[in-house]
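*Asks:* Per the numbering used here, numbering of the sequence shown is gapless, rising by one per residue and ending at 1685. Just so you know, even glycine gets a beta-carbon here, dropped at the ideal spot from N, CA and C. One structure is given below, represented as structure tokens, and several questions about it will come after.
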Amino acid sequence: MPHTQRQQVGSRGQCSSRLLPLLLFLSLAAQPIQTAIHIPSNYHISDLKRPPMIMIQPESVTVFGVEDFVMNCEATGNPLPIFRWTKDGEEFDPGSDPELKVTERAGSFAFYTLSNTMESLKPYQAKYVCYASNELGTAVSNEATISSDVPPTQQKEKKGNVKAEEGSSTILKCNPPQSSMEPIIHWMDWKLHHIQLSERVVVGKDGNLYFAHLTTEDNRNDYTCNVQYLATRTILAKEPITLTVNPSNSVLLNRRPQMMRPTGSHSTYHTLRGQTLELECIVKGLPTPKISWLRKDGEMSESRTIKDMFNHRLRFSNISESDGGEYQCTAENSQGKVSHTYIVTVEAAPYWIKEPSSQLYAPGETVRLDCQADGIPSPTISWTINGVPISAIDKDSRRSLTVSGSLILKDVNFGDTAIFQCQASNKHGTILTNTNVYVIELPPQILVEDGNTYTFTEGKTALLECETFGSPKPKIIWESSSTSSLLADPRVNQLTNGALEIFNVTHDDEGFYTCSIQNTNLSVNAELEVLNRTVIVSPPQDLKVQRGNTAIFTCLAVVDPKLGPPQIQWRKDNKKIFESPSDGKYTFDGPDLKITNVEEEDEGLYTCDVITKLDSVEASVTLSLWDRPDPPELLQITEPKRRSVTLSWTPGDEHNSPVLGASVPICRWCQRICQACRPKLPREQPTWWY
996 MPHTQRQQVG
1006 SRGQCSSRLL
1016 PLLLFLSLAA
1026 QPIQTAIHIP
1036 SNYHISDLKR
1046 PPMIMIQPES
1056 VTVFGVEDFV
1066 MNCEATGNPL
1076 PIFRWTKDGE
1086 EFDPGSDPEL
1096 KVTERAGSFA
1106 FYTLSNTMES
1116 LKPYQAKYVC
1126 YASNELGTAV
1136 SNEATISSDV
1146 PPTQQKEKKG
1156 NVKAEEGSST
1166 ILKCNPPQSS
1176 MEPIIHWMDW
1186 KLHHIQLSER
1196 VVVGKDGNLY
1206 FAHLTTEDNR
1216 NDYTCNVQYL
1226 ATRTILAKEP
1236 ITLTVNPSNS
1246 VLLNRRPQMM
1256 RPTGSHSTYH
1266 TLRGQTLELE
1276 CIVKGLPTPK
1286 ISWLRKDGEM
1296 SESRTIKDMF
1306 NHRLRFSNIS
1316 ESDGGEYQCT
1326 AENSQGKVSH
1336 TYIVTVEAAP
1346 YWIKEPSSQL
1356 YAPGETVRLD
1366 CQADGIPSPT
1376 ISWTINGVPI
1386 SAIDKDSRRS
1396 LTVSGSLILK
1406 DVNFGDTAIF
1416 QCQASNKHGT
1426 ILTNTNVYVI
1436 ELPPQILVED
1446 GNTYTFTEGK
1456 TALLECETFG
1466 SPKPKIIWES
1476 SSTSSLLADP
1486 RVNQLTNGAL
1496 EIFNVTHDDE
1506 GFYTCSIQNT
1516 NLSVNAELEV
1526 LNRTVIVSPP
1536 QDLKVQRGNT
1546 AIFTCLAVVD
1556 PKLGPPQIQW
1566 RKDNKKIFES
1576 PSDGKYTFDG
1586 PDLKITNVEE
1596 EDEGLYTCDV
1606 ITKLDSVEAS
1616 VTLSLWDRPD
1626 PPELLQITEP
1636 KRRSVTLSWT
1646 PGDEHNSPVL
1656 GASVPICRWC
1666 QRICQACRPK
1676 LPREQPTWWY
């Protein structure tokens, strides 16, 4: 078993700042099903071996000159990785080839050609893969292809002459040289001015210049097609073409629209997800036909489609599978219309849905590497370990593959440290990702300071921290100076992160606690201090105040002297109250809240909050307004009889002053004498009469 580093109490070791970014990278978030190691940023380690990681991938290149031939691969790792190559699947040693020059430096390997002729490069047209290895595993690069092509050159041509009648259509052909590069076409005159394009005159994707119909203004002898190749920084000027438009001696006859490119009623296009596709619709006719586009089987994407070349092209940028379907171009003028249907099929090279993450693991853990990819057609998932197919490695009962393509490793040990490659392939291509499984032992360390003091008030939950780290995970022991059976107390609990939790702390819990790592001499001490809880000894009382008067609430509390003066805040209906310097409505004076000129809107629930840095308490009361009740309303006399009547009314608002009786004057018409009948009530009970 590897040696375990031991430290004295409170020692922290040395830290290599260069390694922290790597440690954080290797400690990516774990999947829920597994328990990968997360190295804290304050864990100190002087050195750590690292598996290779390819930083610069070799790139596919088309060689137009010997100076373009280069294949490069760069990787990091500790120890530094060594490189090897395959060519079309076979081992290939560039250093042993006399026609190649190799440059090798720390973490980098590249080779170039020493030849001066393109012919000598033909044997090197192949697919190359770079392998970077050290004692922890082998990382595999993407596949890179070297191909060659002859730079486009000027072709011998005769000067072109095209004659046509006014009103007819014509095509001036460019015929760019064959090349693996996509050319950019510019039609210009001898002064290098661009030919004016319009709805009537457009350039096709084939480079030709199309006229929907001719006018005598199209006569000129310098229509020149300039072909630009960006990769080789080349522009080739074709021979000028003379266009002679013979004027019509009679009235020009209008013509129905007809397709020039593409021909027929429909065409089919196959493309891949993420690529750019252009559909073009070039039409002849007189007057110039108007072009419109629509999707026949759904809604056309506005974000990924652009109409270009005066509406003659429909371009899809970053095309997706949902863009597959039927599209239609319609060209219309006064003489009729013509349509063309484009059937677009979108497939996809493999792309990742979920990639496995590089992680650190402790011995005995279960590792699950989820690798999911999609594509059209659906890709096949395969695994290699250090570049070797799993099928070629001895079977291991601890290793299994799921139906979805995930790789599961049970009860891992140090020998399982490796770089795993997940590869997804279909007929359109292959993608590959490297995943580090690093089974490691790291010496335990305590990551909190020694001698911390934790202060809480009575009744609170105390939390004493003891963060540790190591691989395997350290076992923590808590001890108290005041008791020998700390964890036997039902109020005490040791959390999974190592912290000690004590519910409903009392003064009896005060004292010193020790956190130590089992089977080591590593430990830290902590002190728990318990203060008196904050208590409101004189809470505010409910008040009933007459309108216009002043209300005063008093809130007195007792606070532990070590906590310092408390902060007293007031709330009305759960909204914080602020002093009102302008109108003096609210005034704070120590424990008192003074409310002046009380009105109906001041009624409500008032809360006093006493806040310290460790605890808080509150008390709530109500403020009510009382005033003279409103007089009764809607008096009615019903059921008049000889000696009686029925009198009814609607009571007015009592304003928190109950009406205990009513006075009903009776008027005798014969004597014109009015007397009141009043019920007898106790004198000490306040009443209102009307």
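Among the residues of its own chain, which have a CB less than 6 Å from the CB of residue 1634, if the five just before and after it don't count?
*Replies:* Closer than 6 Å at Cβ, skipping near neighbours: 1641.
*Asks:* When we look at the beta-carbon of residue 1530 and count the other beta-carbons within 10 Å, is it buried (16 or more) or exposed?
*Replies:* Its Cβ having fewer than 16 others within 10 Å, residue 1530 is exposed.
*Asks:* Kindly list the residues whose CB is nearer than 8 Å to the CB of residue 1153, restricted to its own chain and excluding five residues on each side of it in sequence; keep chain order.
*Replies:* For residue 1153, where only same-chain residues beyond five positions count, the Cβ hits under 8 Å are 1234.
*Asks:* Thinking residue 1299 and residue 1314 are a contact (beta carbons under 8 Å), I'd like their distance in whole angstroms, please.
*Replies:* With a Cβ gap of about 7 Å, residue 1299 and residue 1314 count as contacting.
*Asks:* How is the beta strand (DSSP E) around residue 1480 delimited, first residue to last?
*Replies:* Here residue 1480 belongs to no beta strand (DSSP E), and DSSP marks it neither H nor E.
*Asks:* When the Cα of residue 1059 is compared with those of 1033, 1145, 1483, 1304, which residue comes out closest?
*Replies:* That would be 1145, whose Cα lies nearest to the Cα of residue 1059.
*Asks:* Using the rule of at least 16 other Cβ atoms within 10 Å of the residue's Cβ for burial, across every protein chain shown, is residue 1301 buried or exposed?
*Replies:* Result: exposed.
*Asks:* Applying the criterion that 16 or more other CB atoms from any shown protein chain within 10 Å of the CB defines a buried residue, is residue 1498 buried or exposed?
*Replies:* Exposed.
*Asks:* Alpha carbon to alpha carbon, what distance is there between residue 1354 and residue 1429?
*Replies:* Each residue's alpha carbon lies about 12 Å from the other.
*Asks:* If we count the other Cβ atoms within 10 Å of its Cβ and call it buried at 16 or more, is residue 1573 buried or exposed?
*Replies:* Exposed, because fewer than 16 other Cβ atoms sit within 10 Å of the Cβ of residue 1573.
*Asks:* Looking only at its chain, what residues have a beta carbon closer than 7 Å to the beta carbon of residue 1595, apart from the 5 residues adjacent to it on each side?
*Replies:* Cβ neighbours of residue 1595 beyond the five flanking positions: 1620.
*Asks:* Is it right to say residue 1001 is buried, meaning 16 or more other beta carbons lie within 10 angstroms of its own, or is it exposed?
*Replies:* Reliability fails at residue 1001, whose pLDDT of 27 lies under 50, so the model's placement of it is uncertain and the value that follows must be treated cautiously. Counting Cβ neighbours within 10 Å, residue 1001 comes out exposed, since fewer than 16 surround it.
*Asks:* Using beta-carbon positions only, say whether residue 1237 and residue 1203 come within less than 7 Å of one another.
*Replies:* No, they are not a contact pair.
*Asks:* Would the stretch 1275 to 1289 count as touching the stretch 1239 to 1246 if we require 3 or more Cβ pairs under 8 Å?
*Replies:* No, they do not touch.
*Asks:* For residue 1600, report the span of its beta strand (DSSP E) as first-last.
*Replies:* Segment 1599 to 1606, the beta strand (DSSP E) holding residue 1600.
*Asks:* Output the residue ranges of the beta strand (DSSP E) runs that lie fully inside the stretch 1225 to 1296 and measure 3 residues or longer, sorted by chain position.
*Replies:* DSSP runs (the beta strand (DSSP E)) wholly in the stretch 1225 to 1296: 1229 to 1232, 1236 to 1241, 1250 to 1256, 1261 to 1267, 1272 to 1275, 1277 to 1281, 1285 to 1290.
*Asks:* Where do the ends of the beta strand (DSSP E) carrying residue 1539 lie?
*Replies:* Per DSSP, residue 1539 belongs to the beta strand (DSSP E) from 1538 to 1541.
*Asks:* In the DSSP assignment, what residue or residues form a beta bridge with residue 1310?
*Replies:* Note: residue 1310 sits in a beta bridge opposite 1273, 1301.
*Asks:* Residue 1644 lies in the beta strand (DSSP E); which residues open and close that run?
*Replies:* Segment 1641 to 1645, the beta strand (DSSP E) holding residue 1644.
*Asks:* In this structure, how does DSSP classify residue 1188 when only helix, strand and coil are distinguished?
*Replies:* DSSP places residue 1188 in coil when its eight states are reduced to three.
*Asks:* Per DSSP, residue 1037 forms a beta bridge with which residues?
*Replies:* Paired residue(s): none; residue 1037 is not in a bridge.
*Asks:* Report the CB separation of residue 1057 from residue 1142 in whole angstroms; it is logged as a contact under 8 Å.
*Replies:* Correct: roughly 5 Å between the Cβ atoms.
*Asks:* For my contact list, residue 1081 and residue 1102 are in at a C-beta cut-off of 8 Å; report their separation, rounded to the angstrom.
*Replies:* With a Cβ gap of about 20 Å, residue 1081 and residue 1102 do not count as contacting.
*Asks:* Compute the Euclidean distance between the alpha carbons of residue 1052 and residue 1140, then round it to the nearest angstrom.
*Replies:* Each residue's alpha carbon lies about 12 Å from the other.
*Asks:* So residue 1689 is in the beta strand (DSSP E); what residue range does that whole segment cover?
*Replies:* In this structure the chain extends from 996 to 1685, so residue 1689 is not present and cannot be described.
*Asks:* Between residue 1428 and the ligand GDP, is there a pair consisting of the residue's CB and a ligand heavy atom that are separated by less than 6 Å?
*Replies:* Of ligands this structure carries none, so the ligand GDP is not represented either.
*Asks:* When DSSP labels each residue in this structure, what does residue 1060 get in the three-state scheme?
*Replies:* Three-state DSSP puts residue 1060 in coil, outside helix and strand.
*Asks:* State the Cα-Cα distance for the pair residue 1295 and residue 1327, rounded to the nearest angstrom.
*Replies:* Rounded to whole angstroms, residue 1295 to residue 1327 spans 21 Å at the Cα level.
*Asks:* Answer yes or no: do residue 1609 and residue 1501 have a C-beta to C-beta separation smaller than 7 Å?
*Replies:* No, these two residues do not count as a Cβ contact at 7 Å.
*Asks:* Taking Cβ to Cβ, would you say residue 1408 is nearer than 7 Å to residue 1467?
*Replies:* No, they are not a contact pair.
*Asks:* Which residues mark the beginning and the end of the beta strand (DSSP E) in which residue 1457 is found?
*Replies:* Residues 1457 to 1459.
*Asks:* Could you work out which residue in 1064, 1112, 1121 is closest to residue 1105 when comparing CA atoms only?
*Replies:* For the residues 1064, 1112, 1121, the minimum Cα distance to residue 1105 belongs to 1064.
*Asks:* Any chance the stretch 1325 to 1344 sits against the stretch 1248 to 1262, with 3 or more Cβ pairs inside 8 Å?
*Replies:* Touching, per the Cβ criterion.
*Asks:* For residue 1076, I'd like the list of residues in its chain whose CB is within less than 6 Å of its CB, leaving aside the five on either flank, ordered along the chain.
*Replies:* Excluding sequence neighbours, residue 1076 sits near 1047, 1070, 1127, 1128, 1129.
*Asks:* Out of 1570, 1383, 1448, 1045, state which residue places its alpha-carbon closest to the alpha-carbon of residue 1084.
*Replies:* Of the listed residues, the one whose Cα sits closest to residue 1084 is 1383.
*Asks:* Does DSSP classify residue 1385 as helix, strand or coil?
*Replies:* Residue 1385: helix per DSSP, three-state reduction.
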